[in-house]
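*Asks:* Here it is, the structure, as C-alpha cells.
Number of protein chains: 2
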Amino acid sequence: MLHNYLKNISIVLASQSPRRIELLKMLDIKFLQKKSVADETIHAEDHQNPRQYVCRIASEKCKNIADEMDRDCLIIAADTIVYHEQQILGKPINETAALDYLSLLSGKTHAVYTAICIRYKAMQYSVVERTSVTFKKLTEQEIRDYIATGEPMDKAGAYGIQGYGSQFVKKINGCYFNVMGFPIHKFYQLIEKIFKG
Amino acid sequence: MLHNYLKNISIVLASQSPRRIELLKMLDIKFLQKKSVADETIHAEDHQNPRQYVCRIASEKCKNIADEMDRDCLIIAADTIVYHEQQILGKPINETAALDYLSLLSGKTHAVYTAICIRYKAMQYSVVERTSVTFKKLTEQEIRDYIATGEPMDKAGAYGIQGYGSQFVKKINGCYFNVMGFPIHKFYQLIEKIFKG
C-alpha cells in the first residue's frame with residue numbers, strides 16, 4: 214500500500230489544491246507542499262487533445278520546482294480539467310463564466326481528466342485518468358443558488374463533486390478521486406511500478 | 214438545493230456513522246443525532262433480495278426513534294450493504310471474516326446498496342440506490358496490510374472507499390456517496406419530492 218512504499222521517501226507536492234492535500238493526508242502520506250505555477254493558457258488545438266493538455270500542464274508544474282529540489286525527492290504534480298463537447302473547461306474567470314459552464318453541463322455527461330506527473334531520481338513518469346460524470350438537469354435557480362455558495366469559483370468546470378455540487382451528480386463512471394483532482398488508484402499503480410520495477 | 218429546503222426543519226439523523234455525519238455537515242444541514250439500533254440479522258432469503266433487506270433495516274432504524282420525536286421532525290435513517298455473488302456482506306465480525314470478504318471482492322465487481330428512509334409529518338418515504346464497484350486484484354500482503362490499518366472492521370464489505378481502501382478501487386459506476394453510505398443525489402430528489410410535492 215502507498216504508506217508502506219512512501220514512508221521513507223521525501224515527498225514534495227507541487228500543488229496548493231486543498232483536495233489533493235486532503236487526499237494525500239487521508240492516505241497517511243507525509244509531504245512538503247510547494248506552490249508551482251504553470252502557464253495554463255488553453256490554445257485552440259488543445260481542445261482537440263485534452264489528454265495531451267493536462268499532461269503538459271502537470272509536467273510543467275513538476276519541472277518548475279524540480280531544479281530547486283534534491284534528486285532523491287519524489288515530486289508530485291497534477292492537473293485536472295473538465296471536458297465537454299470538444300471544449301476544455303478550466304476554472305471560471307467570473308460568475309458569468311460559472312453560469313455558462315454549469316448550463317453547458319446541465320443534464321449531460323462530461324469527462325474529467327487528471328494527469329499526475331512524478332519526478333524521482335532524474336526520471337519523469339506520467340499517467341492520465343478519465344472519468345465520466347452525469348449531471349441532473351439544473352434549473353436556473355439551482356445554478357444561481359450554487360454560485361451563491363461560492364463553491365464553483367476555484368474549480369475546473371465550475372463545480373466541486375465533494376461539496377454542494379454532489380447534489381447535482383446523478384452518477385459517475387470511473388474513478389471518483391480523479392474528479393476530486395487526484396486519481397488514487399492510478400497513483401498507487403504508478404508508485405508500485407516505480408518502486409517494484 | 215438541500216440547505217435551502219431544510220434550513221427551517223428540525224432534522225434528526227438516526228445514525229452514528231461518521232461518514233453520514235460528515236456528508237450532512239458538508240451539505241450545510243443542521244441536525245441532531247440519535248442512536249437507533251435495528252435487528253440486522255441476515256436471513257437466508259435476504260440474500261435473494263438485497264433491496265428489500267436494506268429497506269427493511271433503514272425503515273426499522275427510522276421507526277425505532279419516530280415515537281419519541283415530534284411529528285414535525287424530519288427523521289433520516291439509512292443502511293448500507295455490499296452485495297456480491299448472491300451474498301450480502303455486512304460488517305465483518307472479526308479479522309478472519311475481513312480477510313474472507315476482501316478475498317471475495319478482489320479483482321471483481323460488486324454492488325453497494327444504500328436505503329434511505331425518511332419520516333416526516335406521519336408519512337414515511339424510502340429510496341434505494343445501487344452502485345457498482347470494481348476492485349483491483351489484491352495480493353494477500355495487501356489484504357493483510359489493509360486489515361492492519363484497522364479500517365475494514367466497522368464497514369460493510371470490510372472496506373472504506375473514503376480511506377486507505379480508495380487505493381484498491383479501479384472504478385465505480387453510479388453514485389460515489391452511495392458507497393460511502395449516503396446517496397446524496399437520491400436524497401436531494403426525495404427531499405425535493407417531499408417539499409415541492
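Residue numbers (my numbering), protein chains in the order written: chain D, 214 to 410; chain S, 214 to 410. Note that CB positions come from ideal geometry on N, CA and C, so glycine has one too.
Could you pull the start and end residues of the beta strand (DSSP E) that residue 262(D) belongs to?
*Replies:* The residue you call residue 262(D) lines up with position 49 of the first sequence. Residue 262(D) -> no beta strand (DSSP E), and no H or E assigned at all.
*Asks:* Leaving out the 5 sequence neighbours to the left and right, which residues in its chain are closer than 7 angstroms to residue 317(D) when beta-carbon positions are compared?
*Replies:* Along the first sequence, one-based indexing puts residue 317(D) at 104. Excluding sequence neighbours, residue 317(D) sits near 297.
*Asks:* Going by DSSP, which residues form a beta bridge with residue 292(D)?
*Replies:* For this step, residue 292(D) is matched to residue 79 along the first sequence. Its beta-bridge partners are 328(D).
*Asks:* For residue 239(D), would you say it is in contact with chain S, using Cβ-to-Cβ distances shorter than 8 angstroms as the test?
*Replies:* Sequence index remark: in the first sequence, residue 239(D) carries index 26 (1-based). Interface residue, yes.
*Asks:* Given a threshold of 16 other Cβ atoms within 10 Å of its Cβ, counted over all protein chains shown, does residue 408(S) qualify as buried or as exposed?
*Replies:* Along the second sequence, read from residue 1 onward, the residue named residue 408(S) stands at position 195. Residue 408(S) comes out exposed.
*Asks:* Are the CB atoms of residue 215(D) and residue 402(S) within a distance shorter than 8 angstroms?
*Replies:* Looking up residue 402(S) in the second sequence gives position 189. Looking up residue 215(D) in the first sequence gives position 2. Cβ atoms of residue 402(S) and residue 215(D): not closer than 8 angstroms.
*Asks:* Between the beta-carbon of residue 301(D) and the beta-carbon of residue 294(D), is there less than 8 angstroms?
*Replies:* Here residue 301(D) corresponds to residue number 88 of the first sequence, with the count starting at 1. Here residue 294(D) corresponds to residue number 81 of the first sequence, with the count starting at 1. Contact: yes.
*Asks:* What do you reckon, are the CB atoms on residue 435(D) and residue 219(D) nearer than 8 angstroms?
*Replies:* The requested residue 435(D) does not occur in the structure, where chain D is confined to residues 214 to 410.
*Asks:* In whole angstroms, give me the CA-to-CA distance for residue 233(S) and residue 239(S).
*Replies:* The residue labelled residue 233(S) in the question sits at position 20 within the second sequence. The residue labelled residue 239(S) in the question sits at position 26 within the second sequence. Near 10 angstroms, if we compare the C-alpha coordinates of residue 239(S) and residue 233(S).
*Asks:* Roughly how many angstroms separate the alpha carbons of residue 269(S) and residue 358(D), rounded to a whole number?
*Replies:* Within the second sequence, the letter at position 56 stands for residue 269(S). Within the first sequence, the letter at position 145 stands for residue 358(D). When rounded, the distance between both Cα atoms is 35 angstroms.
*Asks:* Skipping 5 residues on each side, what residues in its chain have a beta carbon closer than 6 angstroms to that of residue 343(S)?
*Replies:* Along the second sequence, one-based indexing puts residue 343(S) at 130. Result list for residue 343(S): 324 and 326, in chain order.
*Asks:* Given this structure, state the Cα-to-Cα distance separating residue 367(D) from residue 248(D), to the nearest angstrom.
*Replies:* Position 154 of the first sequence, counted from the first residue, corresponds to residue 367(D). Position 35 of the first sequence, counted from the first residue, corresponds to residue 248(D). Each residue's Cα considered, the two are about 16 angstroms apart.
*Asks:* Do the CB positions of residue 371(S) and residue 311(S) come within less than 8 angstroms of each other?
*Replies:* Start at 1 with the first residue of the second sequence, and residue 371(S) comes out as number 158. Start at 1 with the first residue of the second sequence, and residue 311(S) comes out as number 98. Contact flag set, yes.
*Asks:* Is there at least one Cβ from chain S nearer than 8 angstroms to residue 215(D)'s Cβ?
*Replies:* Within the first sequence, numbered from 1, the residue matching residue 215(D) stands at position 2. Residue 215(D) counts as touching chain S.
*Asks:* Bridge partners of residue 382(S), per DSSP?
*Replies:* Position 169 of the second sequence, counted from the first residue, corresponds to residue 382(S). Partner(s): 348(S).
*Asks:* Would the beta-carbon of residue 272(D) fall within 8 angstroms of that of residue 339(D)?
*Replies:* Taking the first residue of the first sequence as 1, we reach residue 272(D) at position 59. Taking the first residue of the first sequence as 1, we reach residue 339(D) at position 126. Cβ atoms of residue 272(D) and residue 339(D): closer than 8 angstroms.
*Asks:* Give me the Cβ distance between residue 398(D) and residue 392(S), rounded to the nearest whole Å; I'm assuming they're in contact under 8 angstroms.
*Replies:* Numbered from 1 along the first sequence, position 185 holds the residue referred to as residue 398(D). Numbered from 1 along the second sequence, position 179 holds the residue referred to as residue 392(S). Not confirmed; about 14 angstroms, so no contact.
*Asks:* Is the beta carbon of residue 292(D) sitting closer than 8 angstroms to the one on residue 257(D)?
*Replies:* Position 79 of the first sequence, counted from the start, is the residue given in the question as residue 292(D). Position 44 of the first sequence, counted from the start, is the residue given in the question as residue 257(D). Contact: no.
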